[in-house]
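If you're matching positions, the sequence shown starts at 5 in my numbering and goes up one per residue. Okay, so here's the structure we're looking at.
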Amino acid sequence: MSDYDSVSADVETEEEIPEDHPRYQDLLTRHRIEAGVEKGITHLQGMHAEGRGSAFDYLLGEETIPSADEAERAAAAHLLLADRPVLSINGNVAALVPGEMTALADAVDADLEVNLFNRTPDRIEAIAEHLREHGADDVKGLEADARIPNLDHKRAKVDADGIYEADVVLVPLEDGDRAEALDEMGKTEIVIDLNPLSRSPQVADVPVVDNIIRAVPTITEHARELADADETALRAIVEDFDRERALEAAEERIRSGDL
Ligand code: PTJ
């Protein structure tokens, strides 16, 4: 029997997951994704994405490695420097960290935009409502009155005054084609993805190789600490960050981690 079997089979609510379980964070993540699917927020493909992420997290030791923390600090600095920062929300992000994304948006004065790979009006509406239930007062993504160039019609839809006009975008768990298309638009792209070899972190200005449930609160913490920093100090953090080194450090940890 695996570490999970005895617990996950009969867990009905989040509160029933024992906090002292050795795989607590992973059980919690899996539970939130299942609940997201049941609520019509998360696409079934989100379960596959979660499984892939979970395997990489296991290999990373299920902790924020030092290079990821540096990336999270650089992400906070970029968001604070931005004129029009936008945080992108898909079905997995909404299920896993709705309140945490709202708190980050508040800390860096960013907009939240629902931006789906498998786009349906019902899921857009359900996710916007879910975010409002978690404290968001203005949710973008419902207008979809602009298109990301070089992507097929459905996957290209964004808000003209949201992602389309943004200078800095946080796109967690993003599809590779869309991450590349946003990069080609010249945006500063922050990607959260547990797989450092995936195309999205490979094209990101700031690849954050960490579980989103740890990454988002950490970026918010850094943003709060840096709230009074001047522009020179923030620019120095951005310039000191080395994206290649961050990707290499994560890959090295995965290949040589002590499990
Ligand atoms: O809600 P939609 O329709 O927009 O669809 C969202 C998914 C995630 C299904 C869609 O964007 C998709 O299929 O994504 P991919 O191509 O599977 O990429 C998801 C990436 O996120 C993979 O590289 C996973 O390793 C990674 N990932 C999964 N869970 C986490 C994660 N990264 C960080 N934290 C996680 N909890």
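For each residue, glycine too, the CB sits at the ideal point set by N, CA and C. For clarity, every value in this text was computed on a predicted model and none was experimentally measured.
Residue pairing by DSSP places Lys144 opposite Glu117 in a beta bridge. If you ignore the 5 residues before and after Gly57, its C-beta comes within less than 6 angstroms of the C-beta of Leu198, all in its own chain and listed in chain order.
A heavy atom of the ligand PTJ is found nearer than 7 angstroms to the CB of Glu178.
In the DSSP assignment, Ala150 forms a beta bridge with Val162. Residue range 210-212 is occupied by the beta strand (DSSP E) that includes Pro211. Look at Glu193 here: in three-state DSSP terms it is strand. Taking every protein chain shown into account, the CB of Thr68 has 16 or more other CB atoms within 10 angstroms, so this residue is buried. Nearest to Gly40 by alpha-carbon distance, out of Gly95, Val112, Ala59, is Gly95. The beta-carbon separation of Ile194 and Ala79, rounded to 5 angstroms, stays under the 8 angstroms limit for a contact. The Cβ neighbour count for Ala208, taken over all protein chains shown within 10 Å, is at least 16; the residue is labelled buried. DSSP links Ile241 through a beta bridge to no other residue. Placement of the Cβ of Gly57 at a distance of less than 7 angstroms from at least one heavy atom of the ligand PTJ is found. Beta bridge pairing from DSSP links Ile167 with no other residue. When the Cα atoms are used, His138 and Glu129 turn out to be separated by approximately 14 angstroms.
Sorting Leu116, Gln29, Leu238 by C-alpha distance to the C-alpha of Glu66 places Gln29 at the top.
One thing to note: Ala72 has its Cβ within 8 angstroms of the Cβ of Asp214. Taking a contact as a CB-CB distance under 8 angstroms, the pair Gly166 and Gly190 does not count as one, their CB atoms being some 16 angstroms apart. Sixteen is the threshold: since fewer than 16 other Cβ atoms of the shown chains lie within 10 Å of the Cβ of His52, the residue is exposed. Note: Val175 is bridge-paired with Val195 in the DSSP secondary-structure output. Distances from the CA of Thr46 to each of Val97, Pro89, Arg257, Thr33 were compared; the closest alpha carbon is that of Val97. For Ser71, the enclosing alpha helix (DSSP H) stretches over residues 70-85. Under DSSP, Leu91 forms a beta bridge with Leu116, Leu174.
Distance from the C-beta of Ala53 to the nearest heavy atom of the ligand PTJ is below 7 angstroms.
The ligand PTJ has a heavy atom closer than 7 angstroms to the beta-carbon of Asp197. Exclusion of the five residues before and after Asp126 leaves Gly44 as the residues of its chain whose Cβ lies within less than 7 angstroms of its Cβ. By the neighbour-count criterion, in which 16 or more other beta carbons inside 10 Å mark a residue as buried, Glu74 falls on the buried side. The DSSP-derived three-state label of Thr46 is coil.
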